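There are 2 protein chains.
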Amino acid sequence: MEHVKNKQVLLRDYVTGFPKDSDMNIVESTIKLKVPDGSSDVLLKNLYLSCDPYMRNLMNKPEGPPNPRSYTPGSPLTGYGVSKVLESGHPDFKEGDLVWGFTKWEEYSLLPAAQILFKIEHTDVPLTYYTGILGMPGVTAYAGLFEVGSLKKGEKVFVSAASGAVGQLVGQFARLNDCYVVGSAGTKEKVDLLKNKFGFDGSFNYKEEPDLDAALKRHFPEGIDVYFENVGGKTLDAVLLNMRVHGRIPVCGMISQYNLTQHEGVTNLAHIIYKRVRLQGFNFLDFYHLYPKFLEFLLPKIREGKVVYVEDIAEDLDNGPKALVGLFSGRNVGKQVLVVAHE
Amino acid sequence: MEHVKNKQVLLRDYVTGFPKDSDMNIVESTIKLKVPDGSSDVLLKNLYLSCDPYMRNLMNKPEGPPNPRSYTPGSPLTGYGVSKVLESGHPDFKEGDLVWGFTKWEEYSLLPAAQILFKIEHTDVPLTYYTGILGMPGVTAYAGLFEVGSLKKGEKVFVSAASGAVGQLVGQFARLNDCYVVGSAGTKEKVDLLKNKFGFDGSFNYKEEPDLDAALKRHFPEGIDVYFENVGGKTLDAVLLNMRVHGRIPVCGMISQYNLTQHEGVTNLAHIIYKRVRLQGFNFLDFYHLYPKFLEFLLPKIREGKVVYVEDIAEDLDNGPKALVGLFSGRNVGKQVLVVAHE
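Just so you know, the protein sequences line up as chains A and B, in that order.
Per our numbering, the first sequence starts with residue 1, numbered consecutively.
Per our numbering, the second sequence starts with residue 1, numbered consecutively.
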């Protein structure tokens, strides 16, 4: 039976503060490219892995009740990815199928079929898109804006981390609904992308704004209806001063806080009473039943060029740690993808 | 035409920090007890005034867009109250009607009819109740718990300021829905009331808990489904660590913060992502259309003694400033009412 080398990215130890490349190890193990007799598992060849901010939280030493998805030192990272089925013990999948779901940071994975979320039916778009615009980040933007955020036509929308995997879609989806959209990002290049590539109405570099409240008042003299929250901390505090009555804040992430051992205090929460604001945390897993509807909405728009997507592609598992760590310094421009193999 | 003396409670000047009795003046003006010819205003004799924490915010010097309800130095305070109609220029009201709505802190008020919210139809219950259990605080508890909080049978509910005008009802309404209810308050007397008078399952004195997180874990080993937020600050921060997945936090008030020039920072907001929690500010005015349904729900329960209500009654406008200021040191036990006149 064929044993092959299987490169893996392992967590070296629990992480405190900002993660470093060296918090992960690249190792070569071996794997038997065969589903064990009688098993219903699926053997996958991993193609594209998704680098996502939430992964940072899984590197913490777990406190309180264990999170079943937390990483274990000495074991491979896990995350969303696009894979090809090499062999299947489960009737829903067969050799050659392209799928996306939870996989491991390694070349080949033998996994329970339940970790596969969807079979990929449309391959006239880049396969990497199933880690981003057509994957978890895409559904997150869609559900966050329309379901959690209850976006209405013509509203005023602010999004932080706006050139990221989710933010660039939030802005474009809101523009498709005739909304006024402003985004913030952390470099001139990203700020320019927002207006020139994604069609935002306005954008600013939060690092160059000494007073975020003033920056928001400049862009939203009448206030914000929907703030799509990706960063937390000081940005959220300034936004709370600028929300309109009955505004909504879908809370997708707080990337500015994940590496701090003591989170920044948010002091303006009382404004959610004065303005009757709804602040709601959510994640993709509560909304993945929307996926068929989401594809129906988005695939035509991608094909017609009405929605575009910027990816930042790193090649080879060896570069995985650097790609992942780069999310937290804002090194990536657009969705960070890690290529394990091109088919 | 009859001119009579009209005692008033005026705001002396904008307030910073904790309010003091001396931030208000008692003055005697005069008023003509007659609706001017051609006017559609209503002349009211004020009976019972409601002392509410939100009033503190109206004493601040307004920043940004003016709040039409903010107090003006030299003018009477305004607030909810029960009044008797002496004369009406508006066809909806007539002499002798008992009403509740927005009125002024004075003996007699000439007001636009639109400031009257409801005519009082049921007088077999204490009239003071229309400042509390059957007034704004009652609807606030009801709407906050069932509409904003989406309370389900059997859930685990925590409420702060639990013996207050709203809190005591939140606990009792939740108990009527077979929920497990724990409340916090700031004196032994109040904590005892929660269990002995209002039937809470548990209660604690937040001032005697060095570690609020530990206190909550003791009372909610499986976490909190609904936190009815009245206080903000450190309590909210500890609650965020103890919310269950898909928990809700209706945010009614943050009384611990209103007198601070710099609000405390809330550091655990990222937990609303991990637990997909909904935090929603609201106020009575968004829900007052529910009033008929609310009365139908509550009046029989009051008559049958299934819901009780504790009031703290101060007599005479002269004692108004002290009654109002007492809310912020927790001096009152139960709903703080100010009697202007007994009919």
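Cβ coordinates follow ideal geometry from the N, Cα and C atoms, glycine included.
As the structure is a prediction and not an experimental result, all values here were calculated from the model.
query: Should H3 of chain B and L47 of chain B be called a contact, given that it needs their Cβ atoms to be closer than 9 Å?
result: Going by C-beta atoms, H3 of chain B is not nearer than 9 Å to L47 of chain B.
For V239 of chain B, the first and last residue of its enclosing alpha helix (DSSP H): Residues 233-240.
Collapsed DSSP secondary structure at Y14 of chain A in the structure displayed: In this structure, Y14 of chain A counts as coil in the three-state DSSP scheme.
- prompt: What residues from chain B crowd round N259 of chain A, counting only those whose CB sits closer than 9 Å?
  reply: Per Cβ cutoff of 9 Å: no residues; N259 of chain A is ~12 Å from chain B at best.
message: Against E264 of chain B, what residues of chain A qualify as contacts under a CB-to-CB distance less than 9 Å, listed in chain order?
response: Residues of chain A passing the Cβ test: G265, T267.
Rounded distance between the beta-carbons of V42 of chain A and F93 of chain A, thought under 8 Å: About 5 Å; that satisfies the 8 Å criterion.
message: Can you list, in chain order, the residues of its chain with a C-beta nearer than 6 Å to that of S88 of chain A? Leave out the 5 residues immediately preceding and following it.
response: Answer for S88 of chain A: V42, K94, listed in chain order.
message: Helix, strand or coil for T123 of chain A? Go by DSSP, reduced to three states.
response: T123 of chain A falls in the coil class under three-state DSSP.
Cβ pair count under 8 Å reaching 3, the stretch 223-239 of chain B against the stretch 250-258 of chain B: With a cut-off of 8 Å on Cβ pairs, the stretch 223-239 of chain B is in contact with the stretch 250-258 of chain B, counting three or more such pairs.
- prompt: Based on the DSSP output, what are the partners of H3 of chain B in its beta bridges?
  reply: Per DSSP, B:K32.
- request: Quick one: list the residues of chain A neighbouring V277 of chain B, beta-carbon separation under 7 Å, in chain order.
  value: Near V277 of chain B (Cβ distances below 7 Å), the residues of chain A are G281.
- prompt: For L193 of chain A, which residues from the same chain have a beta carbon less than 6 Å from its beta carbon, with the 5 sequence-adjacent residues on both sides left out?
  reply: So the qualifying residues of the chain are S163.
- request: Please determine if the stretch 96-114 of chain B and the stretch 273-291 of chain B are in contact, where contact requires at least 3 C-beta pairs separated by less than 8 Å.
  value: By the Cβ rule, the stretch 96-114 of chain B does not count as touching the stretch 273-291 of chain B, because fewer than three pairs are nearer than 8 Å.
query: So with Cβ pairs under 9 Å, would you call I224 of chain B a contact of chain A?
result: Cβ-Cβ to chain A under 9 Å: no for I224 of chain B.
task: Measure from the alpha carbon of L260 of chain B to the alpha carbon of each residue in B:F328, B:G183, B:C179, then state which is nearest.
output: Considering only alpha carbons, the answer is B:F328.
6 Å Cβ shell around Q257 of chain B - same chain, five flanking residues per side excluded: Residues of the same chain with a CB within less than 6 Å of the CB of Q257 of chain B, apart from the 5 flanking positions on each side, are G232, G233, H263 in chain order.
query: Going by Cα to Cα distance, which pick from B:G171, B:N60, B:T16 is closest to V226 of chain B?
result: Minimum Cα-Cα distance from V226 of chain B among the listed residues B:G171, B:N60, B:T16 corresponds to B:G171.
- prompt: Hey, Y180 of chain A and E155 of chain A: beta-carbon distance below 9 Å or not?
  reply: Pairing Y180 of chain A with E155 of chain A gives a Cβ-Cβ distance under 9 Å.
task: Quick one: using the 10 Å Cβ neighbour count with 16 as the cut-off for buried, is G167 of chain A buried or exposed?
output: G167 of chain A is buried by the Cβ-count criterion.
field: Given L290 of chain A as reference, the closest of A:K217, A:A185, A:M136, A:D178 once Cα atoms are compared
entry: The option with the nearest alpha carbon to L290 of chain A is A:M136.
- prompt: So, is G96 of chain B buried or exposed, given that buried needs 16 or more other C-beta atoms within 10 angstroms?
  reply: Per the 10 Å Cβ criterion, exposed.
message: Which residues in chain B have a C-beta closer than 8 Å to the C-beta of M254 of chain A? List them in chain order.
response: The answer, in chain order, is L269, A270, I273.
query: How about V340 of chain A and L111 of chain A: are their beta carbons less than 9 Å apart?
result: Cβ atoms of V340 of chain A and L111 of chain A: not closer than 9 Å.
- prompt: So, do the stretch 318-326 of chain A and the stretch 302-311 of chain B have three or more beta carbon pairs nearer to each other than 8 Å?
  reply: Too few Cβ pairs lie closer than 8 Å, so no.
- prompt: Using a Cβ-Cβ cut-off of 6 Å (strictly less than) and excluding sequence neighbours within five positions of A238 of chain A, which residues of its own chain qualify?
  reply: If we look at A238 of chain A and ignore the five residues flanking it on each side, its Cβ neighbours are L212, D213, L216.
- request: Taking G223 of chain B as part of the alpha helix (DSSP H), name the residues at either end of that continuous run.
  value: Unbroken run through G223 of chain B: none, as it is neither H nor E.
Cβ-Cβ distance between K7 of chain B and V27 of chain B below 9 Å: Between K7 of chain B and V27 of chain B, the C-beta gap is smaller than 9 Å, which places the two residues in contact.
Own chain, CB closer than 7 Å to N268 of chain A, minus 5 neighbours either side, in chain order: These residues qualify, in order along the chain: D237, L240, L241.
- prompt: According to a CB-to-CB cut-off of less than 7 Å, which residues of the stretch 237-251 of chain B neighbour chain A?
  reply: For the stretch 237-251 of chain B, which is checked against every Cβ of chain A, the residues closer than 7 Å are V251.
message: Any beta carbon from chain B within less than 9 Å of G149 of chain A's own beta carbon?
response: Not one chain B Cβ lies under 9 Å of G149 of chain A.
query: Excluding sequence positions up to five away, which residues of its chain have a Cβ less than 6 Å from the Cβ of G199 of chain A?
result: If the five residues before and after G199 of chain A are omitted, its C-beta is found closer than 6 Å to the C-beta atoms of R175, all from its own chain and listed in chain order.
- prompt: Looking only at DSSP bridge pairs, what is A185 of chain A linked to?
  reply: For A185 of chain A, the pairing in a beta bridge is given by DSSP as A:N205.
- request: Leaving out five residues on either side along the sequence, give the residues of the same chain with a beta carbon under 6 Å from the beta carbon of S22 of chain A.
  value: The beta carbon of S22 of chain A is closer than 6 Å to none in its chain, skipping five residues each way along the sequence.
message: I need the straight-line Cα distance from G138 of chain A to S70 of chain B, nearest angstrom please.
response: So the two alpha carbons sit approximately 44 Å from each other.
message: Looking only at its chain, what residues have a beta carbon closer than 7 Å to the beta carbon of N60 of chain A, apart from the 5 residues adjacent to it on each side?
response: Close CB contacts of N60 of chain A within its chain, under the 7 Å cut and outside five residues either way in sequence, are with Y14, V15 (chain order).
task: Assign F18 of chain A to one of two classes, buried (16 or more other C-beta atoms within 10 Å of its C-beta) or exposed (fewer than that).
output: Exposed is the call here.
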